[in-house]
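Every number in my numbering is 13 more than the matching position in the sequence shown, counting from 1.
Backbone N, C-alpha and C fix where the C-beta goes; we use that ideal spot for every residue, glycine too.
Note that this is a predicted model, so its numbers are computed, not measured.
This report refers to the structure that appears directly beneath it.
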Amino acid sequence: MFQRELARALHLSRRGAYRDATDALELSLVAADTVRDRARALILIAHNLPRQGDLQAALRRASEAAALVRLIDGPDQDAWTADALTELCYIYAQFQMGRDAAQAGLQALRAARRAADPAREAWALNRLAVSFSVSDQVEQACQHTLQALEIAQEQAAGERELVLSCLNNLAHFWLQAHAEAIRDEDRAAAAEALAQAEPYAVRAAELVREEGNPFLIVVSLSNLVEWQLGTGAIDDALVIAEEYERLAHRHGYAGMVLQARAQRGLLQLKRDDAAGAQGALHALETLQTLTRQQAPHQLPVRLRRQLTLAIYRGYKLRGDPAKALEAHEQLSALERQSARNAMALQTEAMLIRQEFEQAQARAAHALQDAQRERERADLAEQEQQRLRREAAELGRMAHEDALTGLNNRRHAEFALPLLLERSRQERRPIALGLLDIDHFKQVNDAFGHGIGDQVLQKVAQILRRQLRSADLLARVGGEEFMLVFVGVEPARAQDICERLRAAIANHSWGEVMRGLRVTVSIGLCAGEPPSKPSLLVEPADQALYAAKNDGRNRIQFKAAE
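Encoded structure:
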């Protein structure tokens with residue numbers, strides 16, 4: 014099963030179907046029975062998850078992989094270490110933790126060079142460059158990426174994704190420098206940055222046409238459009254933006270759809286400005302709609318700044334000081350929100366890392382016990398192997414339910430007070446749902462516990478697909494799950510729970526076992542954050558009890574007090 018699901022996942026990844034590929038990798042992870050198989054699945058999952066926007070899960074998987082590869086014995090350990098730390102470096106960079114990312118990247122680079130593997134060395138250099146870019150060290154980032162590109166082209170034939178990644182990163186770094194120069198009104202620096210970005214953006218857009226991966230195509234074309242936006246090639250850029258927006262929409266890349274719409278709005282604004290200062294009202298309204306929509310986090314911060322700055326300058330040019338001031342205030346608020354978001358991300362990353370450090374400490378103590386036992390027992394080698402397996406599981410068991418891959422009750426009990434405190438500090442509502450599979454005992458009795466386990470895994474997959482990465486999702490009992498949403502109004506929380514209930518009820522359960530039907534009941538408590546977690550959990554539990562008494566397959570709501 015491991016090899017089958019792994020092959021399916023690799024095929025899906027090459028087609029850009031990262032969510033389905035991750036589901037297949039999770040199944041292969043359950044079937045993995047060696048350290049190397051488990052490490053490979055974890056590394057691939059950590060590679061895919063950032064492309065779905067799930068950084069928290071990516072950090073957990075990459076941290077687990079980094080811990081696991083230390084247990085690999087043999088000459089290939091350096092290669093495994095390079096792979097795991099390369100993914101960890103990139104994920105830390107996405108958390109804006111430049112120092113941690115650089116440390117992981119340097120360790121990955123040293124391991125790749127010890128393994129004498131050019132492709133791994135180039136990937137490590139590529140990700141190390143990203144860590145420098147988040148620390149605003151653009152020149153150093155470009156130097157490392159150029160070195161990675163040279164290795165990829167000369168010594169790692171066939172690594173097309175690596176070559177494209179290097180080209181796109183080089184274009185991105187210089188376009189980032191261009192945006193900052195525009196913001197600072199430094200025209201000379203802006204022109205220099207745009208000229209530096211050109212060969213990489215153009216070459217990546219040419220090469221990617223030969224790829225079958227729509228995600229790589231969309232990313233490359235978005236860089237090309239941003240370069241064209243700076244050069245004034247508006248008509249060409251509009252055609253390409255419309256092309257990649259259709260492609261992103263077809264494959265479900267929601268963030269890239271928004272990015273394409275934002276770029277088209279900026280292009281239209283630039284075209285209208287060229288025609289005269291009194292035009293462009295429709296383009297300005299389009300940009301304002303994008304910056305105010307419900308999911309602005311799917312737009313890169315750099316692009317959101319660019320939109321807001323364009324709105325400010327657009328209204329200023331048209332002699333509308335009130336709207337220009339409003340946009341300027343929105344830009345200031347965006348800077349403050351970006352700083353808060355970066356701090357929140359880093360805090361969450363540190364909490365996740367703390368969990369793993371504690372698990373690692375327990376694992377280290379277990380290994381020390383094994384070494385002492387080895388001195389006293391004839392079967393020391395066998396005992397040490399057992400303890401190694403247990404140590405490898407500690408990191409996962411500390412926070413994860415083994416069957417479903419979701420957070421477990423211990424993690425929920427640890428995280429819920431933190432989420433509640435965050436909700437109180439930010440003065441935002443909070444919602445907690447308890448979801449229970451209806452008549453689950455009858456499923457086990459009628460179809461067997463093996464089918465029951467598959468039902469639990471599939472329900473977990475459906476929930477994970479439907480919820481945001483910022484939401485807490487945990488299996489807290491045999492067939493019971495906890496859902497927590499911060500910043501979601503009660504009515505919206507009820508809509509989300511109804512969507513989850515319907516998704517589970519309408520799933521094709523007959524494909525799992527003929528005659529199988531699965532529904533869930535949900536008890537929901539939502540409103541202003543109460544003083545302690547029990548004031549959310551107990552009303553939700555009472556609401557769940559009422560939902561079951563009322564006939565199951567329904568939601569019961571109770572307001573938080």
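For residue i, the nearest candidate out of the options (CA to CA)
i, options, result
"R263", "L234, G418, F228", "F228"
"A34", "L557, N226, R435", "N226"
"A556", "P543, A572, G500", "A572"
"E100", "A117, Q90, I85", "A117"
"H157", "L188, A129, A115, D86", "A115"
"A52", "L98, M14, H24, G66", "L98"
"R259", "D249, L251, V270, A250", "V270"
"Y213", "Q16, N181, A194, T244", "N181"
"Q65", "E255, T532, L480", "L480"
"A273", "R284, K283, L282, Y257", "Y257"
"L445", "F427, L431, A553, V525", "A553"
"H60", "R28, G171, L40, Y103", "Y103"
"G461", "L419, R527, L279", "R527"
"R173", "A75, D36, S544, R27", "R27"
"L651", "R284, R196, R277, A71", "Beyond the ends of the chain as shown, which are 14 and 574, falls residue 651; an answer cannot be given."
"S544", "Q438, R73, A44", "Q438"
Residue i at chain C interface by Cβ criterion, 8 Å
i, result
"G463", "In the structure shown, chain C cannot be found, because there is only a single protein chain."
Where residue i falls, given that 16 or more other Cβ within 10 Å makes a residue buried
i, result
"K454", "exposed"
"E223", "exposed"
"P63", "buried"
"G491", "exposed"
"A192", "buried"
"N519", "exposed"
"A585", "Absent from the structure is residue 585, since the part of the chain shown begins at 14 and ends at 574."
"D130", "buried"
"G523", "exposed"
"S521", "exposed"
"P88", "exposed"
"V143", "buried"
"G29", "buried"
"L42", "buried"
"H412", "buried"
"R74", "buried"
"E18", "buried"
"A45", "buried"
"M14", "exposed"
Same chain, Cβ closer than 7 Å to residue i, five either side skipped, listed in chain order
i, result
"R567", "S534, A560"
"G540", "P442, P503, A572, A573"
"T13", "Within the shown structure, residues of the chain are numbered from 14 to 574, placing residue 13 beyond reach of any answer."
"A583", "Because the chain here runs from 14 to 574, residue 583 falls outside it and cannot be looked at."
"V231", "Y257, L260, A261, Y266, M269"
"C510", "G446, I535, L537, I568"
Sequence-distant residues of the same chain with beta carbon closer than 8 Å to residue i, five excluded per side
i, result
"Q569", "S534, I535, G536, L537, A556, L557, A559, A560, D563"
"G265", "R32"
"S436", "P442, I443, V499, G500, P542"
"Q507", "L537, A539, I568, F570"
"W240", "A184, L188, L207, A210, E211, A214, V215"
Residue i: CB within 7 Å of a non-hydrogen atom of the ligand NAP
i, result
"S144", "Ligands are entirely absent from the displayed structure, and the ligand NAP is therefore not among its contents."
Check whether residue i and residue j have beta carbons under 8 Å apart
i, j, result
"L38", "A54", "yes"
"L578", "A208", "In the structure displayed, the chain extends from 14 to 574; residue 578 sits before or after that span and is not available."
"A154", "F186", "yes"
"A78", "I56", "yes"
"A194", "A184", "no"
"S482", "D67", "yes"
"D635", "R565", "Shown here, the chain extends from 14 to 574; a query on residue 635 therefore has no answer."
"V252", "L237", "no"
"A425", "L485", "yes"
"V531", "I464", "no"
"L242", "A217", "no"
"I164", "A128", "no"
"L280", "A250", "yes"
"R196", "I247", "no"
"L175", "A132", "yes"
6 Å Cβ shell around residue i - same chain, five flanking residues per side excluded
i, result
"D391", "Because D391 sits at a pLDDT of 48, beneath the cut-off of 50, its placement in the model cannot be relied upon, and the point is left open."
"T94", "V82, A124"
"E493", "D449"
"L429", "P546"
"V147", "A106, Q109, G111"
"A151", "First, the amino acid is wrong: residue 151 is Val here, not Ala. Correct list, in chain order: F186, A190."
Entirely within the segment 222-260 and at least 4 residues each: give me those alpha helix (DSSP H) ranges in chain order.
227-244
List in chain order: all unbroken alpha helix (DSSP H) runs of 4+ residues lying wholly within the segment 58-126.
Listed in chain order, they are 68-81, 90-107.
As an exercise, report each continuous alpha helix (DSSP H) stretch of at least 4 residues that is fully enclosed by the segment 428-468, in chain order.
453-460
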